[in-house]
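Chains as they are written, first to last, in our numbering: chain Z, 4 to 102; chain X, 222 to 441.
Notes to accompany the following structure.
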């Protein structure tokens with residue numbers, strides 16, 4: 004079976020990047036950025052997720068079929084969150100109907 | 222009693238597959254489908270969290286201050302390290318290094334146990350601080366109801382994650398035993414790689430739980 008074997012150096016680089024992102028997200032929490040606090044925290048979390056998936060989980064070295072299934076997982080999560088919130092946030096819109 | 226495994230076949234390929242590569246890709250694909258269902262499993266809790274944080278933004282921020290950011294950040298670091306040791310274990314199996322693979326798998330289990338120990342200390346602190354809804358909950362001030370919902374979600378989300386950690390440690394334990402017995406070779410190590418996918422997935426769930434529970438708003 005031929006399978007890509009990433010180098011130890013690459014794994015260590017990914018690990019150091021993950022720790023730096025962890026330090027960054029904790030540091031950002033001590034800054035008052037209003038609503039951007041949650042935006043920055045989530046963007047850092049997504050960056051960490053990509054590092055883990057692409058390298059530790061070998062998605063970068065996997066075939067297109069795996070990419071589709073990984074994408075589908077998040078697409079369905081997107082449907083769950085987007086449709087739930089589009090209902091929840093728009094209740095009472097427009098305010099004059101049925102009131 | 223010993224059951225037949227694919228490692229017993231001379232070619233290491235079960236008869237329904239064309240070759241070892243197709244067999245390995247099928248296992249990986251199956252695991253990713255399972256992980257997609259796991260994303261939805263946790264997704265329900267993340268959706269509940271989003272709704273209740275929208276209803277009680279100030280209460281969620283006030284309640285979040287009662288979580289220990291030092292222990293939370295430490296545990297995130299421990300889990301990220303365990304992902305590194307898991308990735309190095311899979312790499313060791315790919316290269317046929319039996320002893321270092323076993324050592325990395327044991328390190329992964331120890332780090333996972335360390336994570337759960339810290340989590341247990343945090344749970345105990347929540348109990349002594351009267352922050353466990355349904356058992357002992359008191360949150361003086363205007364945010365009592367919202368904070369109670371925050372702690373319901375905190376225990377549900379971290380609890381479900383902890384159950385996954387316990388399962389993961391068990392799976393890694395089985396992999397350690399099999400690796401030590403020489404079941405895996407550079408030609409066949411799929412169960413170990415699939416176990417690795419599970420471990421990294423549980424790490425990713427925590428990567429999101431940490432900012433969503435510990436880092437609400439700002440401490441400035």
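Backbone N, C-alpha and C fix where the C-beta goes; we use that ideal spot for every residue, glycine too.
Its chain contains 368 and 371 as the residues whose beta carbon lies nearer than 6 Å to that of residue 284(X), once the 5 sequence neighbours on both sides are disregarded; these appear in chain order.
In this structure, the alpha-carbon of residue 46(Z) lies about 29 Å from that of residue 390(X).
For residue 365(X), the secondary structure class from DSSP, reduced to helix, strand or coil, is helix. Under DSSP, no beta-bridge partner is assigned to residue 309(X). Per the C-alpha coordinates, the member of 244(X), 311(X) and 278(X) positioned closest to residue 365(X) is 278(X).
Around the C-beta of residue 427(X), 16 or more other C-beta atoms lie within 10 Å, and the residue is accordingly described as buried. Neighbours of residue 403(X) across chain Z, judged by C-beta separation under 8 Å, do not exist; the nearest C-beta is about 17 Å away. The region 267-318 of chain X is shown to contain whole alpha helix (DSSP H) runs of 4 or more residues at 278-285 and 290-315, in chain order. For residue 343(X), there are no neighbours in chain Z by C-beta distance under 8 Å, as the nearest C-beta there is about 16 Å away. Residue-level contact by beta carbon fails for residue 12(Z) and chain X, as no gap is shorter than 9 Å. Taking the beta carbon of residue 89(Z) as reference, no residue of chain X falls within 8 Å; the closest one sits roughly 12 Å away.
Contact between residue 313(X) and residue 325(X) holds: CB atoms are separated by about 6 Å, below the 8 Å threshold. By the rule that beta-carbons nearer than 9 Å mark a contact, residue 96(Z) does not touch chain X.
Residues of the region 27-44 of chain Z that bring their beta carbon within less than 7 Å of a beta carbon in chain X comprise 28, 29, 32, 33, 34, 35, 36, 40 and 44, in sequence order.
The beta carbon of residue 58(Z) falls within 9 Å of a beta carbon belonging to chain X, placing the residue at that interface. Take residue 303(X), set aside five residues on each side of it, and the residues of its chain with a beta-carbon closer than 8 Å to its own are 328, 329, 332, 333, 336, 420 and 424, in chain order. Contact between residue 66(Z) and residue 246(X) is confirmed by a C-beta separation of about 7 Å, below the 8 Å threshold. Taking 7 Å as the cut-off between beta carbons, the residues of the region 414-440 of chain X near chain Z are 418, 421, 424, 425, 428, 429, 432, 436, 438, 439 and 440, in sequence order. Exclusion of the five residues before and after residue 299(X) leaves 332, 335, 336 and 339 as the residues of its chain whose Cβ lies within less than 8 Å of its Cβ.
Non-local beta-carbon contacts of residue 280(X) in its own chain, meaning distances under 6 Å to residues more than five positions away in sequence, involve 364, 367 and 368 in chain order. Put simply, of 320(X), 264(X), 240(X) and 282(X) the residue whose alpha carbon is nearest the alpha carbon of residue 86(Z) is 264(X). With a cut-off of 8 Å on Cβ pairs, the region 51-60 of chain Z is in contact with the region 428-435 of chain X, counting three or more such pairs.
Contact check between the region 6-14 of chain Z and the region 270-277 of chain X: fewer than three CB pairs, one atom from each, fall below 8 Å, which does not count as touching.
Against chain X, a Cβ distance below 7 Å from residue 80(Z) picks out 260, 261 and 264.
Contact note: residue 321(X) does not reach chain Z at a C-beta cutoff of 9 Å; the least C-beta distance is about 11 Å. Within the region 332-363 of chain X, no residue has its Cβ closer than 7 Å to any Cβ of chain Z.
Proximity of residue 308(X) to chain Z, defined by a Cβ-Cβ separation below 9 Å, is satisfied.
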